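Following my numbering, the numbering of the sequence shown begins with 355 at its first residue and continues without gaps. Idealized CB from N, CA, C, for every residue including glycine. Computed from a predicted structure; not experimentally measured. Written out below as structure tokens is the structure these notes cover.
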Amino acid sequence: APGVSVYRLQTVPHALGLAQDGCLQDKVVLITGASSGLGEALAHKFFAAGCKVILASRRVTELDRVKEDLLQSVPQPTVPHTPAVVQLDLADLSSIAEKAQQALRIHGRIDILINSGGISYRGEASDTSVEVDVKLMMVNYFGHVALTKAILPNMIEMRDGTIVAISSVQGKIGLPFRSAYAASKHATQAFFDSLLSEVAQYNVHVCVVSPGYIRTNLSMNALTGTGAVYGVMDETTATGMAPEDVADIVL
């Protein structure tokens with residue numbers, strides 16, 4: 355059944371309350387996967403809460419669209435901040451450190467990092483090219499690990515910060531025909547579980563959010579065992595939670 359598990363690995367205040375009393379005002383939030391789906395919904399929620407939003411994704415044209423939508427979502431005279439855009443390819447590990455520095459230079463800090471970008475997979479393990487497994491791990495796991503490691507020194511220096519990892523229920527259990535995806539999410543869960551105890555001494559909080567099915571184009575854009583695009587809207591995805599509802603939980 356659709357749902358979301360939130361693993362509050364360190365105490366992360368519920369932001370609906372934070373937003374009401376202004377505690378998120380002017381916080382700098384970097385969101386990966388912000389060009390569509392859950393990442394786009396998160397951008398809207400955090401922007402509405404008064405955050406300085408940095409949108410990151412491969413698709414700059416879509417990021418510019420989201421940026422414009424954010425600006426149009428509030429009356430122009432009251433726009434508190436103009437969202438920033440950073441082109442980021444999570445599969446290109448060699449570029450991530452510089453992209454992180456680019457994001458840090460915008461406001462001089464990152465208060466909240468939301469690792470939301472990712473790709474899915476549909477196929478039988480026996481027929482799946484190992485290159486597809488590598489691709490899923492690169493985008494869903496190694497890319498976010500690299501970005502987190504690049505941002506973390508700034509949070510440690512500030513003695514403050516929050517890192518949110520968008521995992522999946524498949525990071526806790528394995529499902530058939532999802533082996534590559536489930537493996538990448540299990541790795542994500544394990545890494546951030548371990549990270550929390552290392553960074554707690556620096557007042558850096560870690561939270562893993564594990565949704566069930568979300569009503570996005572994730573299945574449409576999933577890779578098959580050959581690396582081709584799946585191109586099908588699964589019924590479970592089509593009837594999943596609205597991304598805005600999941601974004602509320604993250605907030």
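DSSP three-state assignment for residue i, whether helix, strand or coil
i      : result
Leu605 : coil
Thr415 : helix
Lys381 : coil
Thr432 : helix
Val562 : strand
Thr593 : coil
Val407 : strand
Ala582 : coil
Ala438 : strand
Asp599 : helix
Val366 : Note that Val366 scores 38 on pLDDT, short of 50, meaning its location in the model is unreliable; the coordinates nonetheless yield the value given after this. If DSSP states are grouped into helix, strand and coil, Val366 belongs with coil.
Integer-rounded CB distance, given that residue j should sit under 8 Å from residue i
i      : j      : result
Ala454 : Leu378 : About 22 Å separates the two Cβ atoms, so there is no contact after all.
Gly387 : Asn571 : Their Cβ separation, rounded to whole angstroms, is 12 Å, which puts Gly387 and Asn571 out of contact at 8 Å.
Ala601 : Lys399 : 4 Å
Thr436 : Leu447 : Not a contact, Cβ separation roughly 29 Å.
Tyr567 : Met509 : Not confirmed; about 32 Å, so no contact.
Val383 : Ile408 : 7 Å
Val563 : Ile603 : 7 Å
Beta-bridge pairing of residue i - partner residues as DSSP gives them
i      : result
Leu572 : In the DSSP output, where bridge partners are listed per residue, Leu572 has none listed.
Leu577 : Tyr475, Val583
- Message: Runs of 4 residues minimum, wholly inside the region 440-511: which ones carry the alpha helix (DSSP H) assignment?
- Response: 447-461, 484-491
Requested in this report: Go through the region 514-555 residue by residue and report every complete run of the beta strand (DSSP E) that reaches 3 residues or more, in order.
Outcome: 515-520
With three or more C-beta pairs closer than 8 Å as the rule, is the region 437-454 touching the region 408-428?
Yes, they touch.
Can we say the region 469-487 touches the region 577-597, given the rule of at least three CB pairs closer than 8 Å? yes
Exercise for the section: Give a yes or no on contact between the region 494-513 and the region 537-549, applying the rule of three or more CB pairs nearer than 8 Å. Expected result: yes
Measuring CB atoms only, is the region 586-598 touching the region 512-526, in the sense that at least three cross pairs come out at less than 8 Å?
no
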